[in-house]
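Visitor:
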Amino acid sequence: MEHVQIGFWVIAGLVVIALLFDFMNGFHDAANAIATVVSTGVLKPHQAVAWAAFFNFIALFIFQLKVAGTVGKGIIDPGVVDHYLIFGALLGAIAWNIVTWYYGIPSSSSHALIGGIVGAAIAKAGTDPLIGSGIMKTVAFIVISPLFGYVLGSLILVAVAWICRNKTQRRVDKWFRRLQLVSAALYSLGHGGNDAQKTVGIIWMLLIAAGVTGTNDPVPNWVVVLCYMAIGLGTLFGGWRIVKTMGQRITKLKPVGGFCAETGGAITLFLATSLGIPVSTTHTITGAIVGVGSVRRTAAVRWGIAGSIVWAWVLTIPCSALIAAAGYWLGRVVL
1 MEHVQIGFWV IAGLVVIALL FDFMNGFHDA ANAIATVVST GVLKPHQAVA
51 WAAFFNFIAL FIFQLKVAGT VGKGIIDPGV VDHYLIFGAL LGAIAWNIVT
101 WYYGIPSSSS HALIGGIVGA AIAKAGTDPL IGSGIMKTVA FIVISPLFGY
151 VLGSLILVAV AWICRNKTQR RVDKWFRRLQ LVSAALYSLG HGGNDAQKTV
201 GIIWMLLIAA GVTGTNDPVP NWVVVLCYMA IGLGTLFGGW RIVKTMGQRI
251 TKLKPVGGFC AETGGAITLF LATSLGIPVS TTHTITGAIV GVGSVRRTAA
301 VRWGIAGSIV WAWVLTIPCS ALIAAAGYWL GRVVL
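The numbering used here puts the first residue of the sequence shown at 1, with every later residue one more than the last.
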């Protein structure tokens with residue numbers, strides 16, 4: 001591929017914007033990792049965010065960079081990438097995150113970024129640079145990841161109910177208040193492992209386009225470390241507007257339900273990350289929470305709230321793509 005002449009300060013500025021998106025990803029999606037553990041009273045909010053942020057960063061040492069490879073090379077043809085496209089993609093993702101955070105809507109930062117990349121690429125060169133297999137795989141998991149979370153959360157709760165059938169409620173709560181620390185840690189590992197890599201992928205895309213690193217070279221270590229640090233710091237600051245929606249408004253959770261939802265979500269994220277599929281932690285944990293609630297009884301789930309969340313999922317990619325397309329043309333003026 002031909003390299004684009006991009007000044008050092010433009011590259012540095014775009015890396016900073018990408019890290020800002022990564023920070024916002026942690027900030028926006030902190031609720032996914034801590035909502036259940038806070039709503040069940042196992043940890044206080046400041047304890048929960050510190051716990052989640054630590055495991056977000058530790059994921060650096062657990063997962064291979066397969067998701068970063070998908071975002072960096074599997075969504076659009078790397079040959080079309082330039083600094084205007086990266087600017088537009090990041091602007092679209094950040095703008096949509098701000099809108100959904102403001103209204104307390106647990107949308108997907110991941111799909112906002114994918115939509116941003118697609119929208120900016122179309123604004124530059126039409127649909128030719130799009131890689132259908134990568135996009136379809138990502139879009140398919142809009143349905144698959146919450147479905148997996150739903151099924152796993154439900155099955156784990158049924159298994160736990162059978163195992164604990166002769167135990168008192170008080171004893172069960174005591175056990176699962178402790179076990180929920182483990183499930184929250186696992187979910188935070190999955191969150192960091194999948195989501196931080198998306199920012200790794202877009203910075204890698206920029207560095208390849210600028211000729212800073214080769215197409216077949218590994219991702220520079222400084223990129224990986226900074227991205228995991230940024231998402232951990234974002235989680236540490238927390239997205240409190242969304243915690244209430246995720247932890248209480250969809251369904252009321254007890255420690256055993258929180259454990260089952262987080263464990264089902266964590267398994268889904270571990271599987272997707274190992275396959276290199278950028279999925280939404282928001283979709284995954286929402287599906288798991290709904291699954292746990294529906295095992296108790298269908299009426300335990302507030303389907304109106306869940307339905308409005310699904311509408312946000314449907315709109316995320318097209319809305320962020322439209323903003324990114326405008327951002328691409330803005331970038332050509334200001335960069």
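In this text, a Cβ means the ideal position worked out from N, Cα and C, and glycines have one as well.
Small disclaimer: the values here were computed from a predicted structure and weren't measured.
For V219, which residues in the same chain have their Cβ closer than 7 Å to its Cβ, ignoring the five residues on either side in sequence?
Guide: Here residue 219 refers to the residue found at position 219 of the sequence shown. Excluding residues within five positions, the ones whose Cβ falls inside 7 Å are L65, A68, V200, W204.
Visitor: Measuring alpha carbon to alpha carbon, tell me which of S183, G192, F148, G257 ends up nearest Q169.
Guide: Here residue 169 refers to the residue found at position 169 of the sequence shown. Of the candidates S183, G192, F148, G257, the one whose C-alpha sits nearest the C-alpha of Q169 is G257.
Visitor: State buried or exposed for P318, treating a residue as buried only when at least 16 other CB atoms are found within 10 Å of its CB.
Guide: Position 318 of the sequence shown, counted from the start, is the residue given in the question as residue 318. Exposed.
Visitor: Can you tell me which residues form a DSSP beta bridge with L130?
Guide: Start at 1 with the first residue of the sequence shown, and residue 130 comes out as number 130. Per DSSP, I76.
Visitor: When you compare only the Cα positions, how much space is there between G232 and L330?
Guide: For this step, residue 232 is matched to residue 232 along the sequence shown. For this step, residue 330 is matched to residue 330 along the sequence shown. Distance between the alpha carbons of G232 and L330: 30 Å.
Visitor: Buried or exposed for I62, going by 16 or more other Cβ atoms inside 10 Å?
Guide: By one-based count along the sequence shown, residue 62 stands at place 62. Exposed, since its Cβ has fewer than 16 Cβ neighbours within 10 Å.
Visitor: For G276 and T100, which I take to be in contact (beta-carbon distance under 8 Å), what is that distance rounded to the nearest angstrom?
Guide: Working through the sequence shown from its first residue, we reach residue 276 at position 276. Working through the sequence shown from its first residue, we reach residue 100 at position 100. 26 Å between Cβ atoms; not a contact.
Visitor: Is it buried or exposed for I250, if we count other Cβ within 10 angstroms and need 16 for buried?
Guide: Taking the first residue of the sequence shown as 1, we reach residue 250 at position 250. With a pLDDT of 44 at I250, under the threshold of 50, the predicted position of this residue should be treated as unreliable, though the coordinate-derived value follows. The residue is buried, with at least 16 neighbouring Cβ atoms inside 10 Å.
Visitor: Classify Q5: buried if its beta carbon has 16 or more other beta carbons within 10 angstroms, exposed otherwise.
Guide: Mapped onto the sequence shown, residue 5 falls at position 5. Q5 should be labelled exposed.
Visitor: By DSSP, does R165 sit in helix, in strand, or in coil?
Guide: Within the sequence shown, the letter at position 165 stands for residue 165. Looking at R165 - three-state DSSP - the assignment turns out to be coil, as it is neither helix nor strand.
Visitor: Kindly provide the ranges of any beta strand (DSSP E) runs that are 3 or more residues long and lie completely inside the stretch 39 to 108, ordered along the chain.
Guide: Qualifying beta strand (DSSP E) stretches: none in this window.
Visitor: Between A50 and G41, what straight-line distance do the alpha-carbon atoms span, to the nearest angstrom?
Guide: What you label residue 50 is simply residue 50 of the sequence shown in a count that begins at 1. What you label residue 41 is simply residue 41 of the sequence shown in a count that begins at 1. Straight-line Cα distance between these residues: approximately 15 Å.
Visitor: Would you mind working out which of L186, A125, M24, K44 sits nearest A95, comparing C-alpha positions?
Guide: On the sequence shown, position 95 is the one that residue 95 refers to. When only C-alpha atoms are compared, the closest one is M24.
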